[in-house]
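Chains as they are written, first to last, in the working numbering: chain A, 1 to 324; chain B, 1001 to 1286; chain C, 2001 to 2235. For each residue, glycine too, the CB sits at the ideal point set by N, CA and C. All values reported here derive from a predicted model rather than from experimental measurement. So the structure is just underneath, and the comments pick up after that.
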Amino acid sequence: MTAMPAGRPRSPAVGYWIGFGVVVVLLVIAPLVLPPFWQRFATEILVWGLLAMSSDILIGYTGMVSFGHSAFFGLGMYGAAAALLTMKPPSLGLALLYGLVAAGAAAVFVAYFATRLRDIYFAISTLVFSQIFYVIIFTWTEVTGGENGLTFSQPRLTIPGLWSDRFTPVTFHWFVLVVVVLSYLLVRRITQSPFGMVLQSIRENEPRTRAIGYHVERYKIVAVMLSGLFAGLSGVLYALQNKFAAPDFVFFVVSGEVVIFNVMGGMGTLVGPFAGAAFFLLLREGLSRFLTEYYLIPLGIIFIIMIIFLPQGLLGFLRRRLNA
Amino acid sequence: MDQIIIQTLHGLVNGMVLAMVASGLTLIFGIMDIVNFAHGDLMMLGAFVGASVVGVTGNYWLALVVAAIVIAVLGALLQITTLRPLIGRDPLTTILATFGVSLVIQKYALWQWGPSVRRISEPVPGDFTLFHLQYPWYRVATAVLAGLIIGGLWLFLKYGKYGIWIRATTQDRVMAQAMGIPVPLVYTAVFAIGSAMAAASGVLFGPFAGVTQTMGFDFTLRAFIVVVVGGMGNLGGSILASIFVSLLESYASIVVSPAQAVIVSFVVLVLTMLFRPTGLFVPTPK
Amino acid sequence: MLVLENVDAHYGKSHVLHGVSIEVRAGEVVGLLGRNGVGKTTTLKAIMGMVRRTGGRVTFDGRDLGGVPPHGMAGLGIAWVPEERRIFRLLTVLENLRTGLDRPGVTPDDRERLLEKVYSYFPILRERRHQAGGTLSGGEQQMLAIARAMMLEPKIILLDEPTEGLMPRMVAQIQAIVHALHRDGVAILLVEQNVPLTLDAAGRVYIMEKGAVRHHASAAELRADQRVIHEYLGV
């Protein structure tokens, strides 16, 4: 093992982990120092960030645009609702399970299409799919509560044998933080692996990747499954935080917003989506104070300007370093 | 039986309006590979402008012309400012950009005209009788007018110097440039034409159901479906597909609620994409 | 008239032209020879502004073509007949011709005259004038491509491998056309793999290899001493 020559610059990895650590610590402290409104806000950023990250697996790494994430999110949400309404006492584990299974099933369905349709056709079909789902949820009132959605109570955090206690907004925030950080680390591990490299190769040049001998279909299927599962997970978390499930969140606009988070934050970075979500949500918060529901006009314009002049997004410059 | 006749008429009429929207969309896609997410919103904006003109002058036909011109100009400006800079980039960026435009237009319409539904009164009063059923004349007039406008578009493309420019640019952009055709200008013009058609169909559709901010999205979605089913870039195909899909939806609404009838269109789209992705009405490529 | 000075070009990161310098004077026929892939077509595209020029200059009649977009070339008098012909397949023969004919400053009399002229050069096009371009044979398409360029009344035609894939009878016809155009005073930059045709038609010839001009001589010299041709083209 050779000794490191003196004066050699730190590898990017160390700087990255330091930055990461700082952000996590800040997020841990956040609920303790912020007023209640901003506490919830911070938790929401995490949840939406997770959803956007799941989308990044497809858009940023595999090069497949999906407008269907509202469906996965919605299925996670309604799946959790189903568990919490049908089982007494409401169980956290079961909510997670139902939500993930529901989202996973949808992901299988979408994955089938992913292998048969390319690019724009895939994007349109995911859009259509999420709308079909919306229509079903909206009109199947007996099961889904239709327009009004479903309300339920938050389950306790139960670790069998250890403890069982209600969540407080602070502990819930930490719970979400743990889930999100673990998810992020897991997805990062996957995208840095040979599997992830193949995905990126598909994004860069699909025909060539196929010609080299990779079963592009299989990789796409796994990518869609992963994306769908984590999107579903974010839906479960959202349901748990807000104690309701509503069709609004399944409407296509949510998918659109997710894509906006990706673009604003930087595709193909995994952390970009979180930054994008935070940026968008903060802007929305700020702008709507002055402009009420018309905040979307300047926000939309900012989005368009970013696409034209800053296509790599806020953190896009990190893409190379994060994915070397 | 009565229902079937009524729904057939509905399907045909709605199909013609949809065909007008879709022809603009497919023209734009065929020539510059842009999936215009904001297309339905341009229709909605045209409907609002039309409603305002009718409100002030009481003249439906003037509203139709003014809306078409105003939105054509808007479309041209949009193309120049947001889409021209994106030429040559990943097609994904144009979908995103037009999605952004769609959001801005929807909220702008809300801001400008408020949340209440606007009405455009029927240009041609009265019903006509088919067997023992009544059907409003203005709907028939709408279908006929839509047909005339689409026919006019077809003639313009087939004959006339600019029609040749557009068709040449659609087939081979690079060679068209080499022949001296000002392709960037052609792009802007086509986008303006597509926008004008969307706006006109908005005014035509106005009397059917009232004018609201969200009417655009439904049409955008249906127009996408129709353009894919008809063959992207294929004008005749998208017209046939519009009628086909509208008829199916109308018949479906006899059995299920109108909100759910839209699923029929989705299913048609999915089946088309899986089994005949070049379009249902396009001969199978060899 | 057309002068390339030290032109460099890139396809993305790939450096495809290295310091190419070529000149075509008014009314001249100049040949550009070389094996497949040496950059002949790329040179023509660089003139048309279709490939990114990263060094050097292209001037036409003294005017720098640097800021001129591809669709401005036709108006300056530069016509391009590409390698694959690129007929507008869904347009009729007449419509194809009209893409060149419908430009400012052309009177109805001019139109008559120009159409009659190309029909006299290429009678088959008159016959097929209402047929779709895609239904024409390879040779007919080549004729249409040249006729279309003639519609622009150009000062120079960039003619890229016009005889590729054609039968000998058609090759002879192309040769006759090149001579006729020359007589009309149109300059031609002729890219070809067909050496005898080039040496017959051209006054001067440049030979390219690996993206650069390696040799420049009069056609007469090259006819006299076949060794240079052998060296660069292996024929």
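Helix, strand or coil for residue i per DSSP?
i                : result
D119 of chain A  : helix
M64 of chain A   : coil
V1186 of chain B : helix
F244 of chain A  : strand
F290 of chain A  : helix
S1201 of chain B : helix
L1269 of chain B : helix
F1281 of chain B : coil
V2106 of chain C : coil
I305 of chain A  : helix
L1153 of chain B : helix
M4 of chain A    : Interpretation of M4 of chain A is limited by its pLDDT of 46, a score under 50 that renders its predicted location unreliable; the figure taken from the coordinates is listed afterwards. In the structure shown, M4 of chain A sits in coil (DSSP, three-state: anything other than H, G, I, E or B).
R2148 of chain C : helix
F251 of chain A  : coil
L1985 of chain C : Residue 1985 of chain C lies beyond the stretch modelled for chain C, which goes from 2001 to 2235, so this question has no answer here.
G15 of chain A   : helix
P2196 of chain C : helix
P194 of chain A  : helix
A1038 of chain B : coil
Y238 of chain A  : helix
L1274 of chain B : helix
H2215 of chain C : strand
G2031 of chain C : strand
V2003 of chain C : strand
Measure the alpha-carbon distance for residue i versus residue j and round it to whole angstroms.
i                : j                : result
A2176 of chain C : H2182 of chain C : 10 Å
H2215 of chain C : V2195 of chain C : 15 Å
T43 of chain A   : V33 of chain A   : 14 Å
G1030 of chain B : V1228 of chain B : 12 Å
A1146 of chain B : F1217 of chain B : 20 Å
L1083 of chain B : M1044 of chain B : 20 Å
G93 of chain A   : L1077 of chain B : 53 Å
F172 of chain A  : S125 of chain A  : 36 Å
V271 of chain A  : L185 of chain A  : 11 Å
L1153 of chain B : L1235 of chain B : 10 Å
S1116 of chain B : K1107 of chain B : 14 Å
L2166 of chain C : E2083 of chain C : 12 Å
M1179 of chain B : W2080 of chain C : 8 Å
E2116 of chain C : L2199 of chain C : 30 Å
L952 of chain B  : A1047 of chain B : There is no way to answer for residue 952 of chain B, as the model of chain B reaches only from 1001 to 1286.
P1184 of chain B : S70 of chain A   : 37 Å
T1278 of chain B : V143 of chain A  : 38 Å
F1208 of chain B : P1125 of chain B : 13 Å
I1087 of chain B : F1128 of chain B : 50 Å
D1090 of chain B : G1058 of chain B : 46 Å
V1211 of chain B : G1114 of chain B : 11 Å
A1022 of chain B : P1258 of chain B : 21 Å
Y78 of chain A   : G99 of chain A   : 7 Å
N1014 of chain B : T1098 of chain B : 25 Å
R2312 of chain C : V2007 of chain C : Within the shown structure, residues of chain C are numbered from 2001 to 2235, placing residue 2312 of chain C beyond reach of any answer.
F280 of chain A  : L1103 of chain B : 14 Å
V2058 of chain C : L2004 of chain C : 5 Å
Going by the CB atoms, is the gap between residue j and residue i shorter than 9 Å?
i                : j                : result
G145 of chain A  : A245 of chain A  : yes
F67 of chain A   : A123 of chain A  : yes
G235 of chain A  : A114 of chain A  : no
I1095 of chain B : F1037 of chain B : yes
M2208 of chain C : K2040 of chain C : yes
T2092 of chain C : A2149 of chain C : no
L1053 of chain B : A1063 of chain B : The residue you asked about is not Leu; residue 1053 of chain B is Val in the sequence shown. Yes, the Cβ-Cβ distance between V1053 of chain B and A1063 of chain B is below 9 Å.
L2032 of chain C : V2205 of chain C : yes
G1231 of chain B : S1242 of chain B : no
T62 of chain A   : A223 of chain A  : yes
Report the residues of the segment 1147-1165 of chain B with a CB closer than 9 Å to any CB of chain A, ordered along the chain.
none
Whole alpha helix (DSSP H) runs in the segment 124-149 of chain A with 4 or more residues, listed along the chain? 141-144
By the 8 Å beta-carbon criterion, what residues does the segment 111-127 of chain A contribute toward chain F?
This model lacks chain F altogether; the protein chains it does include are A, B and C.
If the cut-off is 8 Å on Cβ atoms, which residues from the segment 1070-1097 of chain B count as contacting chain A, listed in chain order? T1082, P1085, L1086, R1089, P1091, L1092, T1093, I1095, L1096, A1097
At a Cβ cut of 7 Å, what residues of the segment 1097-1109 of chain B count as close to chain A, listed as they run along the chain?
A1097, F1099, G1100, V1101, L1103, V1104, K1107, Y1108
*Contact residues within the segment 1242-1271 of chain B, judged by C-beta distance below 9 Å to chain A*: V1256, S1257, A1259, Q1260, V1262, I1263, S1265, F1266, V1267, L1269, V1270
Q: Output the residue ranges of the alpha helix (DSSP H) runs that lie fully inside the segment 2054-2122 of chain C and measure 4 residues or longer, sorted by chain position.
A: 2073-2076, 2093-2101, 2108-2121
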